[in-house]
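Read through the structure below, which is laid out as structure tokens, and then see the notes.
Chains as they are written, first to last, in the numbering used here: chain X, 28 to 327; chain F, 28 to 327.
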């Protein structure tokens with residue numbers, strides 16, 4: 028399947044193909060900015076090489092508590108539980124994620140504009156940015172299920188029409204991330220390879236894919252090749268730590284049988300120079316609460 | 028349910044109860060020996076406190092390769108695949124474990140008598156020992172499923188009639204144990220608490236329980252209490268590392284979505300002064316390939 032929207036330039040990130048999928052070398056940069064910002068040069072260089080950077084203590088313990096209280100409030104709001112933006116765990120019926128949460132919670136609306144968050148995204152993307160997606164995630168103890176390996180950009184390109192990997196995600200931990208409670212695993216450097224996925228995207232694919240990914244899944248051969256080349260790093264650290272990671276980095280998470288739950292706030296920033304067009308490989312775009320089409324730059 | 032076999036002394040480890048399960052303080056020692064052996068005093072003291080000890084490089088790289096080849100040979104032996112001692116993965120049909128493997132493989136028969144292995148077990152248990160159970164485990168990459176939290180002794184007591192926690196297991200890694208590919212998690216110190224489990228043991232329970240544990244599962248409240256008190260350690264290290272752990276330590280493992288498979292050789296040594304009687308909480312004993320009733324001491 029080829030690009031159906033961007034007729035002026037060739038689509039360099041062709042996916043959801045019918046043949047044998049492969050790896051495409053990324054020609055776009057990882058760090059687009061050269062300007063100032065809160066990220067020091069060494070950390071920015073490391074982010075450029077590895078596709079991610081970690082900021083311990085981005086939130087103070089007091090802020091962590093305030094956001095945890097906010098997440099509890101949101102998860103127990105019965106009106107919100109029936110909202111289409113709320114994803115409920117298959118087995119238990121518990122809230123797993125709430126999307127577009129920066130429009131639901133004033134506290135989180137402030138957070139996405141906080142210089143500690145916003146200016147890091149601007150610095151990496153080298154432009155003004157807007158929120159492509161926001162959500163809060165709840166992973167319960169004992170029965171938390173993980174996410175299989177994937178690149179976010181592969182989905183955003185195919186299903187949302189995001190032209191280039193000029194987006195960055197920030198995951199802010201509200202609980203301690205141990206190596207053993209289902210925290211995010213990333214393959215450092217893998218953001219330089221675009222991994223094609225096989226299979227045509229069905230209509231309304233997002234409804235199933237938010238719970239369990241089936242289409243848009245990299246092949247085991249490609250995951251093995253990337254893991255052998257790049258290895259695996261884990262995002263560990265105390266509550267309040269933030270992980271900033273490239274839209275195309277290969278990542279996933281295991282399950283969580285420990286009693287220690289995990290929850291985080293997750294915000295995707297996209298460059299205002301990379302706004303969405305029609306999906307590159309899906310019959311129609313996903314809902315705007317998953318992939319925003321309001322492209323006004325975020326202002327403090 | 029009370030002991031049906033040992034009528035001379037009271038059963039201190041009552042389990043598979045119908046009421047609310049609880050924690051019973053262990054009065055028996057963790058380290059029974061005071062004699063010589065390959066374990067140095069500091070490591071033995073740490074084993075006593077934590078209920079486990081790790082021996083990096085117990086096997087040389089050449090030995091690791093020889094045992095890996097042996098495991099491949101065993102897993103691809105079609106005759107063995109049909110043997111009742113072979114456990115096959117529910118979903119994929121692949122071999123997950125082969126029991127009584129020290130009677131199937133000469134190489135593994137030698138290993139259980141190797142002084143590096145046998146003398147450590149003798150030293151911890153303070154007596155001659157025999158093999159209560161042996162097996163090889165294969166956890167594939169991408170789709171390896173873990174084991175929920177449990178104490179081995181709880182099962183061996185209830186279903187096999189093992190009187191006291193005077194047994195020790197050695198798990199020898201034949202692949203690298205990362206923190207993220209489904210390696211064993213233990214709660215250091217938890218061997219001092221016997222965790223009662225609720226529910227009556229059905230007949231032939233072992234057939235289901237070897238694939239997925241349902242009866243003999245500690246309560247979430249007890250697991251949470253233990254995890255908060257003791258924390259969680261992971262068994263990580265290169266291939267050839269060995270973990271020696273107490274029969275009553277609370278342990279479990281997560282799934283493995285990484286491409287890195289895990290395999291190990293697992294041997295349970297029981298003291299010849301702790302031989303099996305009738306099950307304490309099951310209609311009949313499990314098969315001898317899971318719980319041996321040949322109590323002759325191992326000789327080199």
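The C-beta atom is built at its ideal place from N, Cα and C for all residues, glycine as well.
### Secondary structure of residue 82/F, DSSP reduced to three states
Counted from its first residue, the second chain places residue 82/F at position 55. Here residue 82/F sits in strand by DSSP.
### Task
Tell me whether residue 303/X sits in a helix, a strand or coil according to DSSP, three-state version.
Translated into positions along the first chain, residue 303/X becomes position 276. Coil.
### Task
Anything in chain F within Cβ reach of residue 190/X, meaning under 9 Å, just list it in chain order.
Position 163 of the first chain, counted from the first residue, corresponds to residue 190/X. Going along chain F, no residue has its Cβ under 9 Å from residue 190/X, so there is no contact; the nearest lies around 30 Å.
### Message
If the cut-off is 9 Å on Cβ atoms, which residues from the region 285–310 of chain X count as contacting chain F, listed in chain order?
### Response
285, 286 and 287
### Message
Could you check whether the Cβ of residue 164/F sits closer than 8 Å to any Cβ belonging to chain X?
### Response
Taking the first residue of the second chain as position 1, residue 164/F is located at position 137. By this cut-off, residue 164/F is not an interface position.
### Query
Quick one: is residue 243/X buried, meaning 16 or more other Cβ sit within 10 Å of its Cβ, or exposed?
By 1-based counting over the first chain, the position of residue 243/X is 216. It counts as buried.
### Cβ neighbour criterion (16 or more within 10 Å) applied to residue 274/X
Mapped onto the first chain, residue 274/X falls at position 247. The residue in question, residue 274/X, is buried, as its Cβ has 16 or more Cβ neighbours within 10 Å.
### Task
Just the C-alpha distance for residue 149/F and residue 155/F, rounded to the nearest angstrom, thanks.
Position 122 of the second chain, counted from the start, is the residue given in the question as residue 149/F. Position 128 of the second chain, counted from the start, is the residue given in the question as residue 155/F. If you take the alpha carbons of residue 149/F and residue 155/F, they lie about 6 Å apart.
### Message
Looking at chain X, is there any beta carbon in it that lies within less than 8 Å of the beta carbon of residue 34/F?
### Response
Position 7 of the second chain holds residue 34/F. For residue 34/F, the predicted model reports a pLDDT of 46, less than 50, meaning its position is unreliable; a value from the coordinates is still stated below. It does not: the Cβ of residue 34/F has no partner Cβ on chain X nearer than 8 Å.
### Query
So which of 211/X, 37/X and 141/X has the shortest CA-CA distance to residue 173/X?
Along the first chain, one-based indexing puts residue 173/X at 146. Comparing Cα-Cα distances from residue 173/X to each of 211/X, 37/X and 141/X, the minimum goes to 211/X.
### Task
Report the residues of the region 65–89 of chain X with a CB closer than 9 Å to any CB of chain F, ordered along the chain.
none
### Query
Can you find a CB in chain F that lies within less than 8 Å of the CB of residue 275/X?
Taking the first chain and counting its residues from 1, one reaches residue 275/X at position 248. No, its Cβ sits nowhere closer than 8 Å to a Cβ of chain F.
### Task
Check residue 318/F in the structure and name its three-state DSSP category.
Mapped onto the second chain, residue 318/F falls at position 291. In the three-state reduction of the DSSP assignment, residue 318/F falls in the coil class, being assigned neither a helical nor a strand state.
### Query
How close, in whole Å, do the beta carbons of residue 74/F and residue 271/F come, if the pair is a contact with beta carbons under 8 Å?
As a first step, residue 74/F is located in the second chain; it is residue number 47 there, counting from the start. As a first step, residue 271/F is located in the second chain; it is residue number 244 there, counting from the start. Contact holds; Cβ gap of about 7 Å.
#### Entry: Opening and closing residue of the alpha helix (DSSP H) in which residue 161/F lies
Locating residue 161/F in the second chain gives position 134, counting from the first residue. That residue, residue 161/F, is in no alpha helix (DSSP H); its beta strand (DSSP E) goes 156–166.
### Query
By the 10 Å Cβ neighbour count, where 16 or more other Cβ atoms means buried, how is residue 269/X classified, buried or exposed?
Stepping through the first chain from its first residue, residue 269/X is reached at position 242. Buried, since its Cβ has 16 or more Cβ neighbours within 10 Å.
### Query
CA-CA distance, residue 167/X and residue 280/X?
For the purposes of this step, residue 167/X is taken as residue 140 along the first chain, with counting starting at 1. For the purposes of this step, residue 280/X is taken as residue 253 along the first chain, with counting starting at 1. When rounded, the distance between both Cα atoms is 14 Å.
#### Entry: residue 38/F versus residue 250/F: straight-line alpha-carbon distance, rounded
As a first step, residue 38/F is located in the second chain; it is residue number 11 there, counting from the start. As a first step, residue 250/F is located in the second chain; it is residue number 223 there, counting from the start. Using only the alpha carbons, I get a separation of about 23 Å.
### Query
Alpha carbon to alpha carbon, what distance is there between residue 197/F and residue 111/F?
Numbered from 1 along the second chain, position 84 holds the residue referred to as residue 111/F. Numbered from 1 along the second chain, position 170 holds the residue referred to as residue 197/F. Approximately 23 Å, taken between the alpha carbons.
### Query
Does residue 203/X come within less than 8 Å of chain F when only Cβ atoms are used?
On the first chain, residue 203/X is found 176 positions in, with the first residue counted as 1. No, no contact with chain F.
### Query
Rounded to a whole number of angstroms, what is the C-alpha to C-alpha distance between residue 109/X and residue 102/X?
In the first chain, residue 109/X corresponds to position 82, counting from 1. In the first chain, residue 102/X corresponds to position 75, counting from 1. Between the alpha carbons of residue 109/X and residue 102/X lies a gap of roughly 11 Å.
### Message
To the nearest angstrom, how far is the alpha carbon of residue 137/X from that of residue 309/F?
### Response
As a first step, residue 137/X must be located in the first chain, where it is residue number 110. As a first step, residue 309/F must be located in the second chain, where it is residue number 282. Distance between the alpha carbons of residue 137/X and residue 309/F is about 59 Å.
### Stretch pair the region 109–129 of chain X + the region 222–233 of chain X: three plus CB contacts closer than 8 Å
no
### Query
Is the distance from the Cβ of residue 204/F to the Cβ of residue 263/F below 8 Å?
Position 177 of the second chain holds residue 204/F. Position 236 of the second chain holds residue 263/F. Yes, the pair counts as a contact, with Cβ atoms nearer than the cut-off.
### Query
Nearest-angstrom Cα distance between residue 69/F and residue 153/F?
By 1-based counting over the second chain, the position of residue 69/F is 42. By 1-based counting over the second chain, the position of residue 153/F is 126. Roughly 17 Å between the two C-alpha positions.
### Message
Out of 311/X, 298/X, 316/X and 312/X, which one is the CA nearest neighbour of residue 146/X?
### Response
Here residue 146/X refers to the residue found at position 119 of the first chain. Nearest C-alpha to residue 146/X: 298/X.
### Query
Mind checking if residue 259/F is an interface residue toward chain X, Cβ cutoff 8 Å exclusive?
Within the second chain, the letter at position 232 stands for residue 259/F. With 8 Å as the cut-off, residue 259/F counts as an interface residue toward chain X.
### Task
Kindly indicate if chain F contains any beta-carbon less than 8 Å away from that of residue 48/X.
Working through the first chain from its first residue, we reach residue 48/X at position 21. Output row for residue 48/X: interface = no.
### Within 8 Å of chain X by C-beta, residues of the region 118–148 of chain F in sequence order
none
### Query
Which word fits residue 142/X, buried or exposed, when buried means at least 16 other C-beta atoms lie within 10 angstroms of its C-beta?
Translated into the one-based positions of the first chain, residue 142/X becomes position 115. The residue in question, residue 142/X, is exposed, as its Cβ has fewer than 16 Cβ neighbours within 10 Å.
### Task
My understanding is that residue 305/F touches residue 312/F, with C-beta atoms under 8 Å, so please give their C-beta distance in whole angstroms.
For the purposes of this step, residue 305/F is taken as residue 278 along the second chain, with counting starting at 1. For the purposes of this step, residue 312/F is taken as residue 285 along the second chain, with counting starting at 1. The beta-carbon separation of residue 305/F and residue 312/F, rounded to 7 Å, stays under the 8 Å limit for a contact.
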